[in-house]
Amino acid sequence: MTELKVLIPREKIAQRVAEMGADINRDYAGQSVILLGVLKGAAIFLSDLSRELRIDSTFDFIGVSSYGNRPTPAQELKSGWDSTGEVRLTKDMDQSMIGKNVILVEDILDTGLTLTYLKKLLMARQPKSLRIAALLDKPSRRKQPIQADYVGFSIPDEFVVGYGLDYAEKYRNLPDICIVPREG
Ligand code: 5GP
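Residue 1 is where the sequence shown starts when you use our numbering, and the numbers rise one by one after that.
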């Protein structure tokens, strides 16, 4: 593996996550929210974001997996990430969301296929409100017209790792968000 290049250093991530928390505190003042993290990529973002909240909040996790032939990490890097959009729940949340404010917390909004699917699925469960907080956004890759309500950073079409994001399950523990260089 060639060297990783830092795209967003840890200090900038912390500053932006604090700002996102402040936005959520303001928008939901006097109310309570469920932060619903999408495993595993959003785990670190959710744990930092939740500690910025001063409102009444709980958190929960949902697991998803793409159907079909997932590209190998090397293919992902060569041609860019291409999820099929057909998603299956591998872990459901533990609590009911009927009548609750839910914020779906995702690591990165790329083609938008995963979140479009999840949003439709979760809306059927009649939450009071459903918003999306995405740490990263790659708007140039979008295949579905979906936007996050809270976005940390808009980034170019690069494959990134760190702060929860992986490459074949590695690098999730890196404190900075780094670019994996595309070879060839
Ligand atoms: P979608 O294309 O459905 O919007 O993105 C779904 C998932 O693809 C994200 O939650 C994330 O797990 C993965 N993904 C998209 N872009 C990247 C990337 O640059 N790096 C990593 N590690 N995962 C990505």
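Beta carbons are placed, not taken as given, at the ideal position from N, Cα and C, and that holds for glycine.
As the structure is a prediction and not an experimental result, all values here were calculated from the model.
Per the C-alpha coordinates, the member of 154, 25, 145 positioned closest to residue 138 is 154. Runs of the beta strand (DSSP E) lying entirely within the region 7-70 and spanning at least 3 residues, in chain order: 32-39, 56-66. By the Cβ neighbour-count rule, residue 98 is exposed, with fewer than 16 other Cβ atoms within 10 Å of its own. Counted as a single uninterrupted DSSP element, the beta strand (DSSP E) harbouring residue 90 occupies residues 87-91. According to DSSP, residue pairing for residue 137 in a beta bridge involves 109, 154.
For residue 177, the uninterrupted beta strand (DSSP E) segment begins and ends at 177-179. Closest option to residue 66, judged by alpha-carbon separation, among 164, 91, 36, 44: 91. DSSP links residue 129 through a beta bridge to 101.
Secondary structure of residue 171 (DSSP, three-state): coil. Under the DSSP definition of a beta bridge, residue 162 partners with 165.
Straight across, the Cα-Cα distance linking residue 46 with residue 183 is about 32 Å. Excluding its 5 nearest sequence neighbours in each direction, residue 32 has C-beta neighbours in its own chain below 8 Å: 55, 56, 57, 58, 100, 101, listed in chain order. Sequence-distant partners of residue 5 (beyond 5 residues in either direction) whose C-beta falls short of 8 Å from its own C-beta, in its chain, are 178, 179, 181.
Here residue 9 is exposed. Its C-beta has fewer than 16 other C-beta atoms within 10 Å.
Residue side-chain check: residue 152 keeps its Cβ at 7 Å or more from all non-hydrogen atoms of the ligand 5GP. In terms of side-chain proximity, the C-beta atom of residue 163 is found no nearer than 7 Å to any non-hydrogen atom of the ligand 5GP. Between residue 14 and the set 44, 29, 37, 93, the nearest pair of CA atoms involves 44.
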